[in-house]
Amino acid sequence: MKKVTFVLYFLTLSLASQEPSSINFMIDSNKSYVSYEGKHILHDWIGVNKNIKGVIVTENGVPNKIAVSVSVKDFDSGNSGRDSHALELIESLIHPKITFFSDEINQIDETINLLGKINFHGIEKQISVKGKLNKDKFILFKGDFVLSPSEFSVKLPSFMFSKMEDNIKIKYELFFEKN
976 MKKVTFVLYF LTLSLASQEP SSINFMIDSN KSYVSYEGKH ILHDWIGVNK NIKGVIVTEN
1036 GVPNKIAVSV SVKDFDSGNS GRDSHALELI ESLIHPKITF FSDEINQIDE TINLLGKINF
1096 HGIEKQISVK GKLNKDKFIL FKGDFVLSPS EFSVKLPSFM FSKMEDNIKI KYELFFEKN
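Letter by letter, the sequence shown follows residues 976 to 1154 of the numbering used here.
The structure is reproduced here in structure tokens:
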């Protein structure tokens, strides 16, 4: 956690010292969320996290870098037993955060393609994410992608001798305001 906080702080400080053409946008947690959709043969569920930290750095009005961090303990599926079991499986005491840092951002009109690194369960993977971008006095970035927990060495939970599906859909709506 200290590492993620330090990285976000350092990124914000280094960006503040840049030319005036660079503007920082910080996530407004009251207007943002990240969710996952889990599926099992007997039932489906959604976990939502509204406690999100992040920053977008723009250069000449175009997003240049994005950093996002969520705490795994803040996902709420509406079932405390399921949430507790999920925290055990993802070893939340050892890996308390999921982070994403962009390496490359390509924008075509309102569509934005991010190439970056996601760190989940202590494993870092390169992913490509697409989303829609609305910008004015704020930047609204929303979209979805599919993540496979087994690719991050997460043991899939089972119920009634059947494991949950290995693909979970991640949805996000991130509202960034000028800092």
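C-beta: ideal position from N, C-alpha, C; glycine also.
Where residue i sits in the DSSP three-state scheme
i     : result
Y984  : Because Y984 carries a pLDDT of 49, less than 50, the predicted location of this residue cannot be relied on, and the following value inherits that uncertainty. Reduced to three states, the DSSP call for Y984 is helix.
S1052 : coil
N1154 : coil
L1068 : coil
D1084 : coil
E1079 : strand
S996  : coil
Beta carbon of residue i nearer than 9 Å to that of residue j
i     : j     : result
T1130 : L1064 : It is Lys, not Thr, that sits at residue 1130 in the sequence shown. Against a cut-off of 9 Å, the Cβ pair of L1064 and K1130 comes out as a contact.
T1074 : V1043 : yes
Environment of residue i [buried if 16+ CB atoms lie within 10 Å]
i     : result
F1000 : buried
I1083 : exposed
F1113 : exposed
T1033 : buried
F985  : Its pLDDT being 48, under 50, F985 is placed unreliably by the model, and nothing is read from it.
I1016 : exposed
V1121 : exposed
K1040 : buried
Bridge-paired residues (DSSP) for residue i
i     : result
E1126 : Looking at the DSSP assignment, E1126 forms no beta bridge with any residue, so it has no partner.
K1146 : S1010, D1119
E1099 : N1094
L1131 : L1131 pairs with nothing; no bridge assigned.
N1109 : L1115
Could you name each continuous alpha helix (DSSP H) segment of 4 residues or more that falls completely within the segment 1014-1066, going from the start of the chain to the end? 1055-1064
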